[in-house]
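One structure is given here, and the rest of the page talks about it.
Here is the structure:
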């Protein structure tokens, strides 16, 4: 298997297989092997031609001690680096996984690089292909939940500058997504923020503490 995989480090060999749609299993293993390399997962290949490599979801749980040496052989990262052509970049691997229709693995792969934009596009493509809701779930988690959580953490900031600097990118991203994809995440953020404010108001005591009143009166007297 090692010889077959490393033959695909030649861009022309890889291009030929992709165009001819031959050896899909080999292409799958090659894409996962490259992804594992860039993600710093322990690199290994099957000892025998019939041994498939794990998916990235499975590979992410592998440590060096988990490699079954009866089925797999470890591969030196140095050897991979020496053979890796410059055009085989981390972004190339994401495209290759999508070309082979491993969309969930491509989404996982981009998440490791904190590539929000690529992860968004891949999840949107996955939803179209498989009729699921990865895109909406991802947006809600990354935009709505993170924004509101961060806003609560920044509430004690002495000025609005820090709050504005942090919040604006989320609002801008939500607006762009709403416009391009026909969503309503900005409305969700507004509704959830209002709901959180209502909860906060209900949690406040009906009677203001005397010490708070003294501070307020002291402030007006000093001015």
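Residue numbers (the working numbering): 20 to 242. Glycine included, C-beta positions come from ideal geometry on N, C-alpha and C. It should be emphasised that the depicted structure is a prediction, and the values quoted were computed from it without experimental measurement.
Under the three-state DSSP convention, the category residue i falls into
{"i": "residue 82", "result": "coil"}
{"i": "residue 194", "result": "helix"}
{"i": "residue 214", "result": "helix"}
{"i": "residue 6", "result": "No answer is possible for residue 6: it lies beyond the span of the chain, which begins at 20 and ends at 242."}
{"i": "residue 138", "result": "helix"}
{"i": "residue 177", "result": "Confidence at residue 177 is low in this model, with a pLDDT of 49, below 50, so its placement is unreliable and the value that follows should be read with caution. Reduced to three states, the DSSP call for residue 177 is coil."}
{"i": "residue 226", "result": "coil"}
{"i": "residue 98", "result": "helix"}
{"i": "residue 120", "result": "coil"}
{"i": "residue 112", "result": "helix"}
{"i": "residue 132", "result": "coil"}
{"i": "residue 22", "result": "helix"}
Reference residue i; option with closest CA among the options
{"i": "residue 48", "options": "138, 96, 21 and 58", "result": "21"}
{"i": "residue 51", "options": "61, 72, 68 and 36", "result": "72"}
{"i": "residue 66", "options": "87, 55, 92 and 53", "result": "92"}
{"i": "residue 19", "options": "30, 139 and 54", "result": "It is not possible to answer for residue 19, since the shown part of the chain is limited to 20 through 242."}
{"i": "residue 99", "options": "84, 54, 80 and 45", "result": "54"}
{"i": "residue 45", "options": "79, 115 and 80", "result": "115"}
{"i": "residue 24", "options": "214, 38, 60 and 70", "result": "70"}
{"i": "residue 79", "options": "211, 131 and 89", "result": "131"}
{"i": "residue 187", "options": "222, 165 and 199", "result": "165"}
Supposed contact pair residue j and residue i - C-beta distance, whole angstroms, cut 8 Å
{"i": "residue 202", "j": "residue 161", "result": "Their Cβ separation, rounded to whole angstroms, is 13 Å, which puts residue 202 and residue 161 out of contact at 8 Å."}
{"i": "residue 33", "j": "residue 42", "result": "Not really, about 11 Å apart at Cβ, beyond 8 Å."}
{"i": "residue 122", "j": "residue 58", "result": "17 Å between Cβ atoms; not a contact."}
{"i": "residue 204", "j": "residue 196", "result": "6 Å"}
Residues bridged to residue i (per DSSP)
{"i": "residue 64", "result": "92"}
Neighbourhood of residue i by C-beta distance below 8 Å, restricted to the same chain and skipping five residues each side
{"i": "residue 141", "result": "113, 117, 122, 125, 126 and 129"}
{"i": "residue 62", "result": "52, 55, 56, 93, 94, 95, 96 and 99"}
{"i": "residue 28", "result": "102, 103, 104 and 107"}
{"i": "residue 39", "result": "none"}
Contacts around residue i, its chain only, beta-carbon distance under 6 Å, and the 5 residues preceding and following it disregarded
{"i": "residue 207", "result": "163"}
{"i": "residue 146", "result": "153 and 154"}
{"i": "residue 86", "result": "63"}
Proximal residues to residue i (C-beta, below 7 Å), its chain only, five neighbours per side dropped
{"i": "residue 220", "result": "none"}
{"i": "residue 192", "result": "162"}
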